[in-house]
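Numbering (the UniProt record's numbering), first residue to last: 1 to 214.
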Amino acid sequence: MTDSPLQQAARAVLDADAKAVAAIADKVGPEFDACVRLILGCTGRVVTSGSGTSGAVARRMAHLLSVCGTPAFYLHPADALHGSLGALVAGDVLIALSKGGGSREVNDLVDRALARGASVVAVTATPQSHFAQAAHVVVDVDVPAGADPGEVVAMGSTVAVSAWSDALALVLMRARGYRWSDVLFTHPSGAVGQIATPPADLEPLPVPAAEPAP
1 MTDSPLQQAA
11 RAVLDADAKA
21 VAAIADKVGP
31 EFDACVRLIL
41 GCTGRVVTSG
51 SGTSGAVARR
61 MAHLLSVCGT
71 PAFYLHPADA
81 LHGSLGALVA
91 GDVLIALSKG
101 GGSREVNDLV
111 DRALARGASV
121 VAVTATPQSH
131 FAQAAHVVVD
141 VDVPAGADPG
151 EVVAMGSTVA
161 VSAWSDALAL
171 VLMRARGYRW
181 SDVLFTHPSG
191 AVGQIATPPA
201 DLEPLPVPAA
211 EPAP
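Structure representation (structure tokens):
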């Protein structure tokens, strides 16, 4: 039976999303190690931020980090510039998401977070942007052309950054030795809350020391 045009169109979108995720997997490098070390060494709080679609991904990232043993919360950049920036202090790590790097609110938030002594991880497809150049760690999440329809609507790029945040949350979980019993204790509701026997714990993951600067 021949696929309908609707099915073919749907598969094309899913194929583009899959290629975007594969492209991000190929990009993972030393900056990922640096990001993990920065978060593990954080003496304050981990905060995620972003506007629009990037904000939706940042909210999801904060949730999954918390579920997996790295306490985090989302701070809307517009709210931050109306006083909530006071929540960011020295010792915190701000993970700022902006695909194009041109969000005025995110750029201003990053500058002010740095001035208050926070460390910044920039997750962007535009590593030459202002906020990325100011960050301690830059994660390049540029994806192949066609991942986002018309290069306008953030679809494939959003899926790819979400997948990257999954990797970050799970790697941190293993590096911390966070156990499934801990996850179940903080997730007593829903189907997860009905799990009587925790799965076998994930294998601990050693974190390599930073290489000395040349």
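Using N, Cα and C, we set each Cβ at its ideal position, and we do this for glycine too.
Same chain, Cβ closer than 8 Å to residue i, neighbours up to 5 away in sequence not counted
i    : result
L38  : V93, S119, V121, H136 and V137
I24  : V141, V143, A160, V161, A163 and W164
L184 : V192, G193, I195 and P198
Reduced DSSP category for residue i - H, G, I as helix; E, B as strand; rest coil
i    : result
D140 : strand
S162 : helix
T70  : coil
A122 : strand
L65  : helix
M155 : coil
M191 : For the sequence presented, residue 191 should be read as Ala rather than Met. DSSP places A191 in coil when its eight states are reduced to three.
D108 : helix
G101 : coil
D148 : coil
L114 : helix
L88  : coil
M1   : coil
G52  : helix
A196 : coil
Same chain only: Cβ atoms within 7 Å of residue i, ignoring 5 sequence neighbours per side
i    : result
R112 : L85
V207 : V36, R37, L40 and A175
Residue range of the beta strand (DSSP E) that includes residue i
i           : result
residue 236 : Any question about residue 236 goes unanswered here, given that the chain covers just 1 to 214.
residue 215 : Residue 215 lies beyond the stretch modelled for the chain, which goes from 1 to 214, so this question has no answer here.
V183        : Per DSSP, V183 belongs to no beta strand (DSSP E); it is in the alpha helix (DSSP H), W180 to F185.
Beta-carbon proximity list for residue i, same chain, < 6 Å, skipping 5 on both sides
i   : result
A80 : L109
A58 : T48, S49, G50, Y74 and L97
A87 : none
C35 : V121 and V137
G69 : M173, R176 and Y178
C42 : V93
A62 : T48, A72, F73 and Y74
Element boundaries [alpha helix (DSSP H), containing residue i]
i    : result
H130 : H130 to A134
C35  : P30 to L40
D207 : What sits at residue 207 in the sequence shown is Val, not Asp. Where V207 is concerned, there is no enclosing alpha helix (DSSP H), given that its DSSP letter is neither H nor E.
L6   : P5 to K27
A78  : P77 to A80
Min CB distance residue i to chain D below 8 Å
i    : result
V137 : Looking for chain D here will not work: only one protein chain is present.
Integer-rounded CB distance, given that residue j should sit under 8 Å from residue i
i    : j    : result
A16  : G146 : 6 Å
P71  : R45  : 7 Å
G156 : S129 : In fact, because the Cβ distance is near 20 Å, the residues do not count as touching under 8 Å.
I95  : V123 : 6 Å
D65  : A169 : The sequence given here places Leu at residue 65; Asp does not occur at that position. Going by Cβ atoms, the distance from L65 to A169 rounds to 5 Å, so yes, they are a contact pair.
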